[in-house]
Structures are given as C-alpha cells and as structure tokens.
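*Asks:*
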Amino acid sequence: MAEVGVIIVAAGKGERMRGEVPKQFRPLAGYPVFFWSLAFFASQPIVREIALVVPAFKVDELRQTFAAVEQPKVRVVAGGARRQDSVSAGLASLSTKCEYVAVHDAARPFPPQHFEKLFALACERGGAIFAFPVVETVKRVGPDSQIRETLDRSELWAAQTPQLFRRDELDAALDDCERNNVEVTDDASAVALIGCPVHVVEGDRWNIKLTTSEDWQVAECLAMQRRERLQLLQDLAKRWAISLG
Ligand code: CTP
Ligand code: MG
Numbered sequence: 006m007a008e009v010g011v012i013i014v015a016a017g018k019g020e021r022m023r024g025e026v027p028k029q030f031r032p033l034a035g036y037p038v039f040f041w042s043l044a045f046f047a048s049q050p051i052v053r054e055i056a057l058v059v060p061a062f063k064v065d066e067l068r069q070t071f072a073a074v075e076q077p078k079v080r081v082v083a084g085g086a087r088r089q090d091s092v093s094a095g096l097a098s099l100s101t102k103c104e105y106v107a108v109h110d111a112a113r114p115f116p117p118q119h120f121e122k123l124f125a126l127a128c129e130r131g132g133a134i135f136a137f138p139v140v141e142t143v144k145r146v147g148p149d150s151q152i153r154e155t156l157d158r159s160e161l162w163a164a165q166t167p168q169l170f171r172r173d174e175l176d177a178a179l180d181d182c183e184r185n186n187v188e189v190t191d192d193a194s195a196v197a198l199i200g201c202p203v204h205v206v207e208g209d210r211w212n213i214k215l216t217t218s219e220d221w222q223v224a225e226c227l228a229m230q231r232r233e234r235l236q237l238l239q240d241l242a243k244r245w246a247i248s249l250g
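For the sequence shown, the working numbering assigns the number 6 to the initial residue and increments by one for each residue that follows.
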C-alpha cells in the first residue's frame with residue numbers, strides 16, 4: 006500500500022492573531038497548538054513521516070525535543086517567507102518512499118477524523134482536500150462597500166486542510182508557481198493550476214483555522230470537549246517522553 010508523508014506548516018508569523026508568541030506555539034488546553042495536529046497524524050497508520058515546518062528560530066529547540074524520541078516519524082525543518090515556501094521545504098525533507106503527501110496548517114488543531122477517506126479518494130481520483138459547504142450568503146463587495154454580486158452558494162465550498170496529493174503532482178505544482186512567480190493561499194490552487202484534478206471530501210465545522218483572537222476562544226471550548234484528542238496528546242507526549250512547555 007502507498008504511504009503518506011504529512012507536512013505540517015507551522016512557520017507563519019500569526020500577524021492577524023497578534024501577541025508575542027506565534028499562534029501555533031501557544032498552549033491550547035496545555036499543549037502547543039501544532040502538537041494537536043502532530044499527534045493526530047502520528048496516530049494514523051498510513052502516515053510514514055511527518056515534516057514539521059517551523060520558523061528558523063524554533064528549529065534547534067524542536068529538533069532537540071524530538072531527537073530523544075525512539076523511531077521518530079517527525080523531522081523538524083525551517084520554513085520560508087511564504088506559506089508555499091514552507092510547503093516546499095517540508096516536501097524536500099520527506100523521503101521519496103512517500104508516494105502521497107498531505108499538507109496541513111498547524112493553525113488547525115482539529116483535523117477531521119476521517120483522514121483515511123481523503124487518502125482513498127486521492128488514490129482513486131488524484132488530489133483530495135477537506136472542504137465544507139459555505140453556509141452564509143456570500144457577496145462580492147466593492148471598495149465603496151456597495152454589494153456588486155451575490156454568488157451562487159450551492160457551488161461554494163470553503164477549503165480546509167489537510168490536502169492530499171500525489172507527491173509528484175504537488176512537487177510539479179510548487180515548481181510551476183516558483184517559475185511563474187504565482188502566490189497561492191492553498192496547495193489545491195497550485196495543483197489545479199498545472200491542470201490536475203482535485204476533489205473535495207466534506208470535512209467538519211470543528212476544523213477551524215485559528216486566525217484572529219476570537220477563534221482562540223472557540224478553540225478553547227472545542228479543546229475541552231475533545232477528550233479523546235486530549236487523551237491522544239497525553240499518551241503520545243508520555244510515550245515519546247517529551248515535554249512541550
Ligand atoms: N505558514 C507557514 N509559513 C509561512 C506562512 C504561513 O508555515 N511563511 C503556515 C502558518 O504557520 C499556518 C498556515 O501556514 O499554520 C496557515 O497560514 P495562516 O493562517 O495565514 O497563518 P500565519 O501566516 O501565521 O498568520 P497571518 O497570515 O495572520 O500572519
Ligand atoms: Mg498567513
């Protein structure tokens with residue numbers, strides 16, 4: 006069976022959230038935000054390796070943290086200026102045995118449970134991403150705050166992560182962006198630009214991305230309710246004998 010490498014991008018500055026420590030390193034119910042998704046992917050049998058992409062100033066500290074772990078699936082890599090540069094750095098660190106690669110935002114602490122379904126769809130049809138149908142009525146608004154257009158909601162989905170692709174397709178897509186100087190906000194856009202099909206799997210509304218300080222309050226409530234995830238974090242931190250401040 007094909008094996009999956011996961012890239013967790015955690016090298017952003019968290020400017021919209023503000024605060025001294027970037028959001029992905031702040032504690033959520035006692036564990037740093039990035040560890041929530043790291044523990045989830047580490048517990049998935051189809052995941053062979055995980056690249057944790059962090060800002061350069063965090064690399065030494067986190068390498069030390071994971072160095073003591075026996076048979077670590079995790080490698081710590083320095084990210085880049087744009088999100089896509091961080092994804093490229095993560096991809097370069099994964100062994101070529103990972104035929105499929107999932108990219109996940111560290112700022113999303115609660116990836117959907119049905120990750121294997123995403124993998125199955127990617128194997129069958131090409132790229133696959135978690136997404137959720139848009140529930141609000143969406144307007145296009147001009148700079149003068151006047152509504153220009155109401156979009157047809159029945160076709161709109163909000164893209165989430167993880168997003169899973171054949172490794173060669175993701176690699177080619179990132180190269181193409183680099184060559185043509187294109188900036189993308191997710192990996193599915195890059196893969197679509199080189200003409201590869203990407204399908205959606207319905208995710209869930211708990212898979213929020215921590216962006217502003219309001220999101221933080223929601224995440225704290227969700228974290229307290231997700232007892233099974235919290236248990237996973239505790240077990241893994243204990244098994245790996247790591248302390249995450
Ligand atoms: N990310 C990254 N490298 C970058 C930029 C973003 O690894 N150069 C990661 C972030 O750490 C985050 C994910 O990409 O996990 C999604 O990005 P976003 O929510 O925009 O986070 P930030 O870029 O950190 O926040 P902001 O845009 O508010 O500064
Ligand atoms: Mg950003």
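Glycine included, C-beta positions come from ideal geometry on N, C-alpha and C. What you are looking at is a predicted structure, and each value in this text was computed from that prediction instead of being measured.
1) In terms of residues, what are the limits of the beta strand (DSSP E) holding residue 99?
2) Please determine if the segment 7 to 25 and the segment 94 to 107 are in contact, where contact requires at least 3 C-beta pairs separated by less than 8 Å.
3) Straight-line CA distance for residue 177 to residue 131?
4) Taking the DSSP output, what are the residues bridged to residue 155?
5) Assuming residue 109 and residue 42 are in contact, meaning their beta carbons sit under 8 Å apart, how far apart are those beta carbons, in whole angstroms?
6) Is DSSP giving residue 182 helix, strand or coil here?
7) Among 142, 105, 19, which one has its Cα closest to the Cα of residue 156?
8) Starting from the Cα of residue 205, find the closest Cα among 161, 147, 113, 23 and give me that residue.
9) What is the C-beta distance between residue 73 and residue 246, in whole angstroms, given that I count them as a contact (C-beta under 8 Å)?
10) Using only CA atoms, which one of 248, 214, 48, 128 lies nearest to residue 163?
11) Under the rule that 16 or more other beta-carbon atoms within 10 Å means buried, what is residue 17, buried or exposed?
12) Tell whether a beta-carbon distance below 8 Å holds between residue 208 and residue 137.
13) If you drop the 5 nearest sequence neighbours on each side, which residues of the same chain put their C-beta closer than 6 Å to that of residue 139?
14) Pick out whichever of 53, 115, 36, 179 has its Cα sitting closest to the Cα of residue 3.
*Replies:* Straight from the coordinates:
1) Within the sequence shown, numbered from 1, the residue matching residue 99 stands at position 94. Segment: none, residue 99 is in no beta strand (DSSP E) and carries neither H nor E.
2) yes
3) Here residue 177 is taken as the residue at index 172 of the sequence shown, counted from 1. Here residue 131 is taken as the residue at index 126 of the sequence shown, counted from 1. Each residue's Cα considered, the two are about 14 Å apart.
4) Along the sequence shown, one-based indexing puts residue 155 at 150. Partner(s): 144.
5) Locating residue 109 in the sequence shown gives position 104, where the first residue counts as 1. Locating residue 42 in the sequence shown gives position 37, where the first residue counts as 1. Between residue 42 and residue 109 the Cβ distance is about 6 Å, and since that is below 8 Å, they are a contact.
6) For the purposes of this step, residue 182 is taken as residue 177 along the sequence shown, with counting starting at 1. Residue 182 falls in the helix class under three-state DSSP.
7) The residue you call residue 156 lines up with position 151 of the sequence shown. Answer by Cα proximity: 142.
8) Position 200 of the sequence shown, counted from the start, is the residue given in the question as residue 205. The option with the nearest alpha carbon to residue 205 is 161.
9) Position 68 of the sequence shown holds residue 73. Position 241 of the sequence shown holds residue 246. The Cβ separation is near 6 Å, so the contact holds.
10) Locating residue 163 in the sequence shown gives position 158, where the first residue counts as 1. Looking at the Cα atoms, 214 is the closest of the given residues.
11) Looking up residue 17 in the sequence shown gives position 12. By the 10 Å Cβ count, residue 17 comes out buried.
12) Along the sequence shown, one-based indexing puts residue 208 at 203. Along the sequence shown, one-based indexing puts residue 137 at 132. Yes, the Cβ-Cβ distance between residue 208 and residue 137 is below 8 Å.
13) Here residue 139 is taken as the residue at index 134 of the sequence shown, counted from 1. Within the same chain, residue 139 has close Cβ partners 158, 161, 163.
14) Only positions 6 to 250 of the chain appear in this structure, which leaves residue 3 out of reach.
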